[in-house]
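To start, the structure itself, in C-alpha cells.
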Amino acid sequence: MTRTTGASLAKGVTQSYSLAMSFMNSLRPGGRHGLSSREERDPIGIAVAAVSKLAQSDLIDRVGLRRQAEQVVYSTTRNGFRVATAAGRRFARAGSRSQGARPASATSSGVFDLTPTEDEQMLVDVVRELAAEVLRPAAAGADEACSAPAEVLAAAQEVGLPVLGVPEELGGIMEERSAMAGTLVAEALATGDMGLAVATLAPGAVATAIGLWGTEAQQQTYLPAFTGDGGEAGVPVAALSIAEPTVLFDPFALSTTAQRDGDGYVLDGVKSAVVRGAEAELFVVAAMLDGTPALFLVESGTPGLEVEADPSMGVRAAGLSRLHLSGVRLGADALLGDTDAIAYAECVRLSRLAWCALAVGTGQAVLDYVKDYVNEREAFGEPISHRQSVAFMVADIAIELQAMRLVTWKAASRAARGQDFAREVALARQLCTERGMRIGLDGVQLLGGHGFVKEHPVERWYRDLRAVGVMEGVVMV
Amino acid sequence: MINLETPRKQAGLIDQAHQLAMNMLRPISRKYDRAEHEYPKELDMLAALIDGVSETGATGGAGAGGVRRDERAAESTTVRNGANMASALSIAEMCWGDTALLLSMPRQGLGNSAIASVANEEQLERYAGTWAAMAITEPGTGSDSANITTTAVLDGDEYVINGEKIYVTSGDRADSVVVWATLDRSKGRAAIKSFLVRKDNPGLKVERLEHKLGIRASDTAAITFTDCRVPAEDLLGSPEIDTRSGFGGAMATFDNTRPLVAGMAVGCARASLDLTRDLLEQAGVAIDYDRPAQSQSAAAAKFLQLEADWEGAKLLMMQAAWMADNRQPNSLEASMAKAKAGRVGSDVTLSCVQLCGTLGYSEAELLEKWARDSKILDIFEGTQQIQQLIVARRVLGLSSAELR
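Taken in sequence, the protein lines are chains A and B. Counting in the working numbering, the first sequence runs from 16 upward without gaps. Counting in the working numbering, the second sequence runs from 972 upward without gaps.
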C-alpha cells in the first residue's frame, strides 16, 4: 500500500516534473507558433505564456466549455492527433512481375489548334455540371469540416473520375489514357471547388500511376478495385504522397528513405499533403532508394504507419494529413516503376500539371465571380466596374488566367503525345503559382471587406490558390 | 485536337526567317542603332530576297501585309493555320534579329496592313508594290484616336486633307502614307476614314524625324498635310458615314495587327532570354526545369519566371492569330496578347540587363538595346492601358460610355 502510494507519488512527481520540463521547453520560441528561434521571452512573456497554456488546457474541454461540434471534427481538423491507418481491404495478389500494359501516345496532325476533341468536350461538359451542381454547393461546408461529403465522392465515382487516367484495356473508361483529357477535367472540376476537386481526383492519381508504371502483377492486384465498382467497399481511398513537411522541399531530394532489406524494403520518414490519410487504403509513397527517388506501393494497415490530421491554409476539403512511416517493411513487389527516377520525374511533372489545371479552374471561378460582383456593387453612385482601377484589375485577371491556361494546355498536349514536357510544365507551374496567387489576392481585394468574410467564396479561393506552388504529388493527370 | 506547337507546315518558313534575322539583321543591328536616320541600304537586298521567297509561295503569306481575312474562303470545319499565324511567327523571328530593322522593311509598313485589311479589290491591285506608312497620331491626339482633327473635305472628285501627324513609322522612307482623317468632326468616330497619299504629293511635307529611346534604325516622322489633294478613289473602304458600324472598320485593322505587335515583343524578348541564358550558363548557372525554382540560384529562379511569362505571351499571340485564321472574332484575344506581350517584353529585356550587370548595360552587347527597343511595343498600336480598357470592357460587358 505504502509502496504503491510511494510509487504513484514518485510517478506523479516525475509526471509533474516532465510536464514542467515540457512547459519550459515549449517556452523556447524557435519553430513553434510561427516564432523564429531568434525571439527571446522575458519574465512577463513567460508569465503570459503560462496563462496562455492554461487557457489551451484540455481541462476546459472536459468541463464542456468548448463547443461540442469542435470535438466531433477533432481528428480531421486538428493536428498532433495520430492514429493508425485504416484497416483497409485485402488486395488479392495476381499477375506476374513482367512489365504491365502501357498506354499509347496520342498523335498530332501538326496543326496549332485550341479545340478539344469531341470526347474531351463531352467529358468537360459533364464535369462542369458536376462542379456547378455538386461541388460548389458543398464547398463551404467541406472546407469547414475538413472532409469531403460522401455524396460528392459518390457522384465523382459515378462520373468515372477515379479511372479517367486508366486506359480501356486495363478497365478504364477512355480508349486511350490522355494527360490532355485529365487536364481539362481537373480544370473543369476546380471551377466548382479546389478542395473537393483534390479529394475526388486523389484516388485517380494512384490508379493512373499504377496504369502507367505498374508491373502486370501490380496492375492486376490493385486496378480491379478501382475499375470495377470496388464491390461494397467502393473505389479505394488512395493517396499519392510525395511532399514532406520541410522548408525548401525538393521532390528530388527526399528525407524519407527506403533501405533494401532482403529483396524487400524498409521505409522511414514523414510525408505531408496526404489526402484523406485516415481513410486511405493504399498509398503511393516517394522515398530515396540508394540516393535516387522512387515510388512505393504501401497498403494501409502495414505495421509502422501512422496518420496525423494536418489541416492547412486551404484545400481543406481534401482532409490533408501527414503519414508517419517508421520501419515500414515492404515486399519486393512494392516498388512502383524504375529505380533510375525516370518514372518518378514523370510522376512529379504530371502531378504539377494537375495542380496547374486546378489553378486555372479556380482562377476561372474567381473571374466569373468578381465579374458579376463589380458590375453589381455600387459606390459613388455607379457600379465600381466603371472605375479603371477596378476594371483593369479584372482585365489583368482575365489576361493572366488565359496565359496560365494556354501554357498548361501546351504542357498537357505534349505529355499526351509522349513528347518531353519538362520545360513546359515547369513554366506552367511557375505561371500558375505566381499569377494564380495574384488572382486569389485580387479576387479578395475586389470585394473589399466582403471578400474577407466567408459569406463569399473568394477568401477560400485565396487560400486554395496558395497551394499550387507548394504542393507536390497528391493529384496527377 | 489541342496542340500548341509551331504549325508543322510553317516550320520551314520560321526557320528561314530565323536565318535571315541571324545573318542579315544581327550583323547590322548595332550599326543602325548608332547611325539613327541613316537608311539601312542592306534592307533593299533583304526585301528582294523576301519577295523572292514569297513568290515561291513558301512563306504562306508572311510579312506585315498578309493579315487580310479572306471572307470568300469556303466555309470549312477544318482548322487552319494561315497567314495570320505565319505573319506573327515570322515577325517574331525577325524581331529576334532586330525590331527596328523589321519595322524598316521596305514594302512591309503598317500602312500595308491597313491596305490589306480594308482596301477593295481595285485598290489592292493599284497599290501593289507600294511601301505604305501609317499616320494616325496627332500632337494632341494619341490613344483617343477617335478624336483626330485632321480633316478631309470632298471637293469635286478629290479630297482635300489638312492636318498634322506625328510618330509615322517609316514616314520618311515609305513611298506612300495611309492617313486617318475625319470627313465631319461633328459625326464622331464614324466619320473617320483612311486615305492613301503618295509621298510625292505636293501637299505632303515631312517636317522632321524624331530622336528616340529605341528602335532607332526605324525612321519616325512628323508629317504635315496642307491643302493636300488626293483622288476620291484613294479613300480606303467605303466613303459612307455609317454611324452604326461606326469606328469598327478602322479599328478592325487593329484586331489583325495587334497579334503582330505582340509577336514583335515576343521576338525581341526572346533575343534577351536566349543570350542571357547562354551567358548565365557560361557563368555556371544552369536552369533546371524539374527542381523547384527556390532551390536553385536566384538568377535561375528569376530566369524561370521571365521564361514562364514569355511563354504565356507567345501562346496568347498564337491564339489571337489562330482565331483570325479561323475567322473567329478576336478583338478580346488580340488585346490580351498585346497587353501581355507588351509588359512581358519590357520585364524580360530590362530584367536580362539586370541579370547580366554592366555587361548587359554596355553597348558591347545588344541586351541594353533590346531593353530600349522593347519599350515602344507596349505603346504603339494601343498602349498597355488601352489594351486593358478593351479587355475590361469586353470581359465586363461595358460600353465605352460606362467604362471610360
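Idealized CB from N, CA, C, for every residue including glycine. Just so we're clear, the structure is a prediction, and the values are computed from it rather than from any experiment.
Worksheet item: Leaving out five residues before and five after HIS339 of chain A in sequence, what residues of the same chain have Cβ atoms less than 6 angstroms from its Cβ?
Response: On the first sequence, position 324 is the one that residue 339 of chain A refers to. Excluding sequence neighbours, HIS339 of chain A sits near VAL285 and GLU321.
Fill in: Spatial neighbours of ASP1344 of chain B in its chain, beta-carbon cut-off 7 angstroms, leaving aside the 5 residues before and after
Your numbering for residue 1344 of chain B matches position 373 in the second sequence. Counting only Cβ-Cβ distances below 7 angstroms, and skipping sequence neighbours, we find THR1070, ALA1071, GLY1185, ILE1186 and CYS1239.
Discussion item. Let me confirm a value: LEU1125 of chain B is counted as buried when at least 16 other C-beta atoms fall within 10 Å, else exposed. Which label applies?
Written reply: Taking the first residue of the second sequence as 1, we reach residue 1125 of chain B at position 154. LEU1125 of chain B comes out exposed.
Worksheet item: Listing by chain order, which chain B residues have their CB less than 8 angstroms from the CB of LEU263 of chain A?
Response: What you label residue 263 of chain A is simply residue 248 of the first sequence in a count that begins at 1. Residues of chain B passing the Cβ test: PRO1263, GLN1265 and SER1266.
Discussion item. Is it buried or exposed, ASN1083 of chain B, if we count other Cβ atoms within 10 angstroms and call 16 or more buried?
Written reply: Position 112 of the second sequence holds residue 1083 of chain B. Looking at its Cβ environment, which holds 16 or more other Cβ atoms inside 10 Å, ASN1083 of chain B is buried.
Worksheet item: Taking Cβ-Cβ distances below 9 angstroms as the criterion, which residues of the segment 361-375 of chain A are in contact with chain B?
Response: VAL363 and ARG364
Worksheet entry | At least 3 beta-carbon pairs within less than 8 angstroms: the segment 1320-1331 of chain B vs the segment 990-1006 of chain B | no
Worksheet item: Would DSSP call SER1345 of chain B helix, strand or coil?
Response: To locate residue 1345 of chain B, count along the second sequence from 1; it is residue 374. SER1345 of chain B: helix per DSSP, three-state reduction.
Worksheet item: Can you tell which of B:THR1354, B:THR1112, B:LYS1002 and B:ARG1229 has the C-alpha that lies nearest to the C-alpha of ALA1063 of chain B?
Response: Stepping through the second sequence from its first residue, residue 1063 of chain B is reached at position 92. Of the candidates B:THR1354, B:THR1112, B:LYS1002 and B:ARG1229, the one whose C-alpha sits nearest the C-alpha of ALA1063 of chain B is B:ARG1229.
Item to complete: Using alpha carbons as the reference points, say which of A:SER52, A:LEU238, A:ALA217 and A:ARG143 lies closest to PHE106 of chain A.
Response: The residue given as residue 106 of chain A occupies position 91 in the first sequence. Minimum Cα distance to PHE106 of chain A is reached at A:LEU238.
Worksheet item: Taking DSSP as the reference, what is the three-state secondary structure of ASP348 of chain A?
Response: By 1-based counting over the first sequence, the position of residue 348 of chain A is 333. Helix.
Worksheet item: How far does the alpha helix (DSSP H) with TYR477 of chain A in it reach, from first residue to last?
Response: The sequence position of residue 477 of chain A within the first sequence is 462, counting from 1. From DSSP, the alpha helix (DSSP H) with TYR477 of chain A extends over 473-480.
Worksheet item: In chain B, which residues lie with their C-beta within 9 angstroms of the C-beta of PRO131 of chain A?
Response: Taking the first sequence and counting its residues from 1, one reaches residue 131 of chain A at position 116. Here the neighbours are MET972 and ILE973.
Worksheet item: Along chain B, which residues have their Cβ under 7 angstroms away from the Cβ of ASP128 of chain A?
Response: Mapped onto the first sequence, residue 128 of chain A falls at position 113. Those are MET972, ILE973, ASN974 and VAL1050, listed as they occur along chain B.
Worksheet entry | Nonlocal neighbours in the same chain, by C-beta distance under 6 angstroms from ALA1090 of chain B, ignoring five residues either side | Taking the second sequence and counting its residues from 1, one reaches residue 1090 of chain B at position 119. LEU1207, listed in sequence order.
Discussion item. Against chain A, with Cβ distances strictly below 8 angstroms, would GLU1129 of chain B count as a contact?
Written reply: Within the second sequence, numbered from 1, the residue matching residue 1129 of chain B stands at position 158. No - not a single Cβ of chain A is within 8 angstroms of the one on GLU1129 of chain B.
Worksheet item: Going by DSSP, which residues form a beta bridge with LYS286 of chain A?
Response: As a working mapping, residue 286 of chain A is identified with position 271 in the first sequence. According to DSSP, which records beta bridges pairwise, LYS286 of chain A is partnered with A:LEU338.
Worksheet entry | Neighbourhood of HIS48 of chain A by C-beta distance below 6 angstroms, restricted to the same chain and skipping five residues each side | Residue 48 of chain A sits at position 33 when you count from the first residue of the first sequence. For HIS48 of chain A, where only same-chain residues beyond five positions count, there are no Cβ hits under 6 angstroms.
Practice prompt. Classify LYS469 of chain A as buried or exposed, calling it buried when 16 or more other Cβ atoms lie within 10 Å of its own Cβ.
Written response: Here residue 469 of chain A corresponds to residue number 454 of the first sequence, with the count starting at 1. With fewer than 16 other Cβ atoms within 10 Å, it is exposed.
Discussion item. Within 8 angstroms of any Cβ in chain A, is that where the Cβ of LYS1183 of chain B sits?
Written reply: On the second sequence, residue 1183 of chain B is found 212 positions in, with the first residue counted as 1. For LYS1183 of chain B, the answer is no, since every Cβ of chain A falls outside 8 angstroms of its Cβ.
Practice prompt. Give every residue of the same chain whose Cβ lies closer than 6 angstroms to the Cβ of ARG1365 of chain B, excluding the five residues on either side of it in the sequence, and list them in chain order.
Written response: Sequence index remark: in the second sequence, residue 1365 of chain B carries index 394 (1-based). Excluding positions up to five away in sequence, the list reads LEU1303.
Worksheet item: When DSSP builds the beta bridges, which residues end up paired with PHE1196 of chain B?
Response: The residue given as residue 1196 of chain B occupies position 225 in the second sequence. In the DSSP output, where bridge partners are listed per residue, PHE1196 of chain B has B:GLY1134 and B:LEU1175.
Item to complete: Taking only beta carbons into account, state which residues of the segment 1352-1375 of chain B come closer than 9 angstroms to chain A, listed in chain order.
Response: GLN1356, GLN1358, GLN1359, LEU1360, ILE1361, VAL1362, ALA1363, ARG1364, ARG1365, VAL1366, LEU1367, GLY1368, LEU1369, GLU1373, LEU1374 and ARG1375
Worksheet item: In chain B, what lies closer than 9 angstroms to LYS425 of chain A by C-beta?
Response: Mapped onto the first sequence, residue 425 of chain A falls at position 410. Chain B residues near LYS425 of chain A: ILE973, ASN974, LEU975, GLU976, GLU1282 and LEU1286.
Worksheet item: Whole alpha helix (DSSP H) runs in the segment 131-194 of chain A with 4 or more residues, listed along the chain?
Response: 133-145, 151-160 and 165-174
Worksheet entry | Within 8 angstroms, strictly: CB atoms of VAL1319 of chain B and TRP1281 of chain B | Indexing the second sequence from 1 puts residue 1319 of chain B at position 348. Indexing the second sequence from 1 puts residue 1281 of chain B at position 310. Closer than 8 angstroms, so yes.
Discussion item. Our contact map puts LEU416 of chain A next to ILE357 of chain A with C-beta atoms below 8 angstroms; I'd like the distance itself, whole angstroms only.
Written reply: On the first sequence, position 401 is the one that residue 416 of chain A refers to. On the first sequence, position 342 is the one that residue 357 of chain A refers to. With 8 angstroms as the limit, LEU416 of chain A and ILE357 of chain A do not qualify as a contact, their Cβ atoms being about 33 angstroms apart.
Item to complete: Evaluate GLN1253 of chain B with the Cβ neighbour count: other Cβ atoms within 10 Å of its Cβ, from every protein chain shown; 16 or more gives buried, anything less gives exposed.
Response: Taking the second sequence and counting its residues from 1, the one referred to as residue 1253 of chain B is at position 282. Exposed, because fewer than 16 other Cβ atoms sit within 10 Å of the Cβ of GLN1253 of chain B.
Worksheet entry | Local conformation of VAL1038 of chain B per DSSP, three classes | Working through the second sequence from its first residue, we reach residue 1038 of chain B at position 67. Model confidence at VAL1038 of chain B stands at a pLDDT of 46, short of 50, so the residue's coordinates are unreliable; what they give is reported in the following sentence. Coil at VAL1038 of chain B, not helix or strand.
Worksheet item: Beta carbon of ILE257 of chain A, beta carbon of VAL363 of chain A: below 8 angstroms?
Response: Locating residue 257 of chain A in the first sequence gives position 242, where the first residue counts as 1. Locating residue 363 of chain A in the first sequence gives position 348, where the first residue counts as 1. Closer than 8 angstroms, so yes.
Discussion item. Assuming ALA1104 of chain B is part of the alpha helix (DSSP H), what are its boundary residues?
Written reply: By 1-based counting over the second sequence, the position of residue 1104 of chain B is 133. First-last for ALA1104 of chain B: 1103-1106, but that is the beta strand (DSSP E), not the alpha helix (DSSP H).
Practice prompt. Counting only the same chain and skipping the five closest in sequence on each side, list residues whose C-beta sits under 7 angstroms from that of ASP1155 of chain B.
Written response: Walking along the second sequence from the start, residue 1155 of chain B turns up at place 184. Closer than 7 angstroms at Cβ, skipping near neighbours: ALA1162 and ILE1212.
Fill in: Chain-ordered neighbours of GLY125 of chain A on chain B, where CB pairs are closer than 8 angstroms
Numbered from 1 along the first sequence, position 110 holds the residue referred to as residue 125 of chain A. In chain order: ASN974, GLU976, PRO978, ARG979 and LYS980.
Fill in: Straight-line Cα distance separating ARG438 of chain A from GLU1007 of chain B
Start at 1 with the first residue of the second sequence, and residue 1007 of chain B comes out as number 36. Start at 1 with the first residue of the first sequence, and residue 438 of chain A comes out as number 423. C-alpha separation (whole angstroms): 39 angstroms.
Item to complete: List the whole-angstrom C-beta distance separating PHE311 of chain A from TYR280 of chain A, where the pair is believed to meet the contact cut-off of C-beta under 8 angstroms.
Response: Working through the first sequence from its first residue, we reach residue 311 of chain A at position 296. Working through the first sequence from its first residue, we reach residue 280 of chain A at position 265. With a Cβ gap of about 7 angstroms, PHE311 of chain A and TYR280 of chain A count as contacting.
Practice prompt. Just the C-alpha distance for ARG151 of chain A and ASP208 of chain A, rounded to the nearest angstrom, thanks.
Written response: The sequence position of residue 151 of chain A within the first sequence is 136, counting from 1. The sequence position of residue 208 of chain A within the first sequence is 193, counting from 1. Answer to the nearest angstrom: the Cα atoms are 6 angstroms apart.
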